[in-house]
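See below for the structure under consideration.
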Amino acid sequence: MEKTAADYVLGEFSKDEKSVLQNLIEKAKDAVVTVLCKGAQVGMNEFNNKLFPVEGKTDGGE
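This note's numbering puts the first residue of the sequence shown at -18, with every later residue one more than the last.
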């Protein structure tokens, strides 16, 4: 039976996808709490490089 696009979009997550999703949800929760408690600038500085590292850049922004 051939799968449709809806089968992929509406299907169950695989075990690996569930693990990745759980990790991302936890990081997102931490980022939201940081923004609410310490402000947007601190939250962006603390989490953007960790979640979306730029190739060739260090955590120090160099």
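Virtual Cβ for every residue (Gly too), placed ideally from N, Cα, C.
Looking at the backbone, the Cα of A12 and that of M(-18) are separated by about 42 angstroms.
The shortest CA-to-CA distance from T15 to any of E27, S(-5) and L(-9) is the one to E27. Straight through space, the alpha carbons of F(-6) and D(-12) are spaced by roughly 11 angstroms.
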